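Below is one structure, written out as structure tokens; the observations come after it.
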Amino acid sequence: MRQEAERLLQIPDDFERFRAATRLLVDLDDLILEISRIRNESASRMQISSITPPARSDEALPDDARAVLECIRRTGTQRFRRRDVFRRLARHFKTVAAMVPALDLLETAGYIRKVEPNTEPGQPGRRRSPEYEVRL
């Protein structure tokens, strides 16, 4: 990497240096995406289902987190999107931002796990709502 940066600095023409730097950034971005995909696939395969998690007390959770957890349990799904839970709990949470700490707490406690999206870069439209996997 450093050698590539030093090579770029030695290009005398500003326009050519800019083009070469842009090509290098695109290549790095592609490499980062590929490494992320490999890392996520490896993490998914490393999950060991035979180990049972320690017993958790739902009573220790704050009210917001318990409300989200109950919503997840009522739906009975193994995967859900943040947007779907917010729609069901719109009366409890005024904004999605108000609900995110509850999801983060449930993720930290091991009830749910955030799943990386399978989207290709450069797709039109908005990014999809984050998806979670239930680990009850």
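Residue numbers (the UniProt record's numbering): 1 to 136. Glycine included, C-beta positions come from ideal geometry on N, C-alpha and C. None of these values were measured; they are calculated from a predicted model.
DSSP three-state label for residue i, please.
{"i": "arginine 2", "result": "helix"}
{"i": "arginine 113", "result": "strand"}
Using a threshold of 9 angstroms, state whether the C-beta atoms of residue i and residue j are closer than that.
{"i": "valine 85", "j": "leucine 103", "result": "yes"}
{"i": "leucine 9", "j": "arginine 17", "result": "yes"}
{"i": "proline 117", "j": "arginine 127", "result": "yes"}
Can you find the residues in the same chain that come closer than 7 angstroms, C-beta to C-beta, to residue i, ignoring five residues on each side of it along the sequence?
{"i": "glycine 76", "result": "none"}
{"i": "leucine 106", "result": "Ala65, Val68, Leu69, Ile112"}
What residues in its chain sit with their C-beta under 8 angstroms from that of residue i, if we drop five residues either side in the sequence?
{"i": "valine 96", "result": "Arg82, Arg83, Phe86"}
Does residue i get closer than 9 angstroms to chain B when you measure Cβ to Cβ?
{"i": "glutamate 107", "result": "The chain inventory of the structure shown lacks chain B, comprising one protein chain alone."}
Which complete beta strand (DSSP E) runs does the stretch 13–83 hold, if anything under 3 residues is left out? Counting only runs of 3+ residues, the beta strand (DSSP E) found wholly inside the stretch 13–83 occupies 79–81, in chain order.
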